[in-house]
Amino acid sequence: MADQADNKKLWGGRFNEPTNELVEAFTESVSFDARLYRHDIQGSIAHSQMLAKIGVLTEEEADAIKAGLLNLQTEIENGDFSWSAALEDVHMNIEAHLSEAIGEAGKKLHTGRSRNDQVATDIRLYLREATDDCIALIKALQAELLEFAGREVNTILPGFTHLQVAQPISFAHHLLAWNEMLERDAERLADGRKRINVMPLGSAALAGTSFPLDRDYTCELLGFERPARNSLDAVSDRDFLIEFNSAASLIMMHLSRMCEEIILWASENYKFIDIGDAFCTGSSIMPQKKNPDIAELIRGKSGRVIGNLQALLVLMKSQPLAYNRDNQEDKQPIFDTVDTLTTSLRVFAAMLPSIKTNREAMYQAALQGYATATDLAEYLVRRGVPFRDAHEIVGSTVNFAIENKVPLADLSLQQLQEFGSMIDEDVFEVLSLEGSLNSRDHFGGTAPVQVAAALAAALARLSNDQT
Ligand code: ARG
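Take the position in the sequence shown, starting the count at 1, then add 132; the result is the number in my numbering.
Now the structure itself:
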């Protein structure tokens, strides 16, 4: 690229001294915001077409601008564009190169616009796209999850509270709990999208512009829902971005919890699942090891995304109206959040089908922990015993079984009757894991018939969403 485009400051008119070198390095953002080139070009094309519509540019000028910008886009994508830190940011790099390439018309592009409404527009276009990508990735992950759940409706494992064996549950019921989290996550992103999809262009630096811009037309060209109602607000607030990062933090928090369970289940002590070799790594010193590093990394990366949320909130909190340069610092955190979130969703979805379930180990674990004690208490209640008394009776029974090192279902009827004379032969139905599961037969419960229905409903919601 020619020297002029590389060196001359587009705002240089009122300055007599060149920029200090340290300042140039400190203030440039092109090293990271070059990533917005596509959205910057998209916004500039729409703005120039609108300027032609209202007669500020001729049709020929607008056409030349469009062709010139599309050329630059190709150059950028082919790696032929030389980005210059002296030109500060993506906006001025592209504008300077455009003027260099097409002359006079290029210099008219910035009419009725400021970098303040330009950058706010670019980041909204970028984030709208990222939101759609993330929603699609969540849905792809849900599809894998539901497929997995479909194989595990009748698989029994212990449900935990306090990480202690609590009650037996269907493994699919557990996986469907994850699906609920993801469904809310996708909804949150879709809701935030409404507030992203508002157009700042026309706000100019902060107060609007003296040109009679047709903002509705620019909006239509860019697919925004409406123009921003207040120019000061439009150039300054980044709440939509904080909202996205906060939805992203919740997603990472959910993925992290799921990964924590995967790590526990894959451990030697649980042996509930086996993660495919392609999604594990070995140890450089201990030859026997197969580590769940993918799950650990997703759990670890949740910290970055949550940290980015903090950075953005603090970045925003003390800014007076309207635009301040502080806002340039929004880019790296939000790009990092989008990258971390999308790769985590992708790799998690890829790992899921590699997981093999060890149904026998799950079943044995459910047998171990007196998981049907509540079922015995509820049995006694059905025989007329007040719940508190039933709780007491079963407590003593469990104590006795622990002392004798046997599961509840292995106690004889006589032994059971020592604790409650109203106990009958039919008690053994509720002491079995299957009996326990089947009895939780209500909407939202873990009885396999209910789980199968919940799965069918989840699949239907997912496919409705996708149409
Ligand atoms: N690089 C800047 C940013 O990201 C663009 C806007 C700069 N505006 C200005 N008046 N200095 O926020």
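The C-beta atom is built at its ideal place from N, Cα and C for all residues, glycine as well.
For clarity, every value in this text was computed on a predicted model and none was experimentally measured.
Looking only at C-alpha atoms, which of ASN248, MET390 and GLU279 sits nearest to SER335?
ASN248
Going by C-alpha distance, which of PHE292, TYR511 and ALA592 is nearest LEU563?
TYR511
Over what stretch of residues does the alpha helix (DSSP H) that includes PHE404 continue unbroken?
Element bounds for PHE404: n/a, residue is neither H nor E.
Just mark LYS488 as buried or exposed, buried being the case when its beta carbon has 16 or more other beta carbons within 10 Å.
exposed
Tell me which same chain residues have a C-beta within less than 6 Å of the C-beta of HIS171, skipping the five on either side of it?
ASP254, LEU257 and TYR258
Could you check if ASN225 belongs to the surroundings of the ligand ARG, using beta carbon to heavy atom distance under 7 Å?
no
Cut-off 8 Å between Cβ atoms - residues of its own chain near ILE226, not counting five sequence neighbours on either side
TYR169, ASP172, ILE173, SER176, LEU201 and LEU204
Comparing the CB of ASN286 with every heavy atom of the ligand ARG, is any distance shorter than 7 Å?
no
Extent of the continuous alpha helix (DSSP H) run through LEU168
Per DSSP, LEU168 belongs to no alpha helix (DSSP H) and is neither H nor E.
Return the first residue and the last residue of the alpha helix (DSSP H) that GLN299 is part of.
Element bounds for GLN299: not the alpha helix (DSSP H) but the beta strand (DSSP E), 296-302.
How far does the beta strand (DSSP E) with PRO465 in it reach, from first residue to last?
That residue, PRO465, is in no beta strand (DSSP E); its alpha helix (DSSP H) goes 463-483.
Rounding to the nearest angstrom, what Cα-Cα distance links ARG370 and MET224 in this structure?
21 Å
Assign PRO359 to one of three DSSP states: helix, strand, or coil.
strand
Counting Cβ pairs closer than 8 Å, one from the stretch 469-481 and one from the stretch 387-394, do we hit at least three?
yes
Can you find at least 3 beta carbon pairs, one from the stretch 409-417 and one from the stretch 454-468, that sit closer than 8 Å?
no
Drop a sphere of 10 angstroms on the beta-carbon of PRO580, count the other beta-carbons inside from all chains shown, and report buried for 16 or more, exposed for fewer.
buried
Using 8 Å as the Cβ pair cut-off and three pairs as the minimum, do the stretch 493-510 and the stretch 528-535 touch?
yes
Which word fits ALA522, buried or exposed, when buried means at least 16 other C-beta atoms lie within 10 angstroms of its C-beta?
buried
For review: beta carbons within less than 5 Å of any heavy atom in the ligand ARG
SER161, ASP221, ARG247, VAL251, ASN459 and GLN460
Which one or two residues does DSSP pair with ASN423 in a beta bridge?
THR413
Assuming LEU453 is part of the alpha helix (DSSP H), what are its boundary residues?
Where LEU453 is concerned, there is no enclosing alpha helix (DSSP H), given that its DSSP letter is neither H nor E.
DSSP beta-bridge partners of TYR567:
In the sequence under discussion, the amino acid at residue 567 is Gly, which differs from the Tyr named in the question. Answer is none; GLY567 lacks a bridge partner.
PRO344 to HIS179 span [Cα, whole Å]
13 Å
Distance between LYS463 and PHE280 (C-alpha atoms, nearest Å):
37 Å
Under 8 Å, do VAL583 and LEU353 count as touching if we go by C-beta distance?
no
Give the single residue among TRP397, ALA194 and ARG431 whose Cα lies nearest to the Cα of MET384.
ARG431
Tell me whether HIS574 is buried or exposed, calling it buried when 16 or more other Cβ atoms sit within 10 Å of its Cβ.
exposed
Could you pull the DSSP bridge partners for THR489 from this structure?
ILE405
Can PRO452 be considered in contact with the ligand HEM, in the sense that its beta carbon sits closer than 7 Å to one or more heavy atoms?
No copy of the ligand HEM occurs in the structure displayed; its ligands are the ligand ARG alone.
Whether LEU508 touches ALA304 by CB criterion (8 Å):
no
Measure the C-alpha to C-alpha separation of PRO359 and GLY408 and round it to an integer number of angstroms.
50 Å
Roughly how many angstroms separate the alpha carbons of GLY244 and LEU333, rounded to a whole number?
9 Å
Beta carbon of LEU444, beta carbon of ILE395: below 8 Å?
no
Where do the ends of the beta strand (DSSP E) carrying THR293 lie?
288-293
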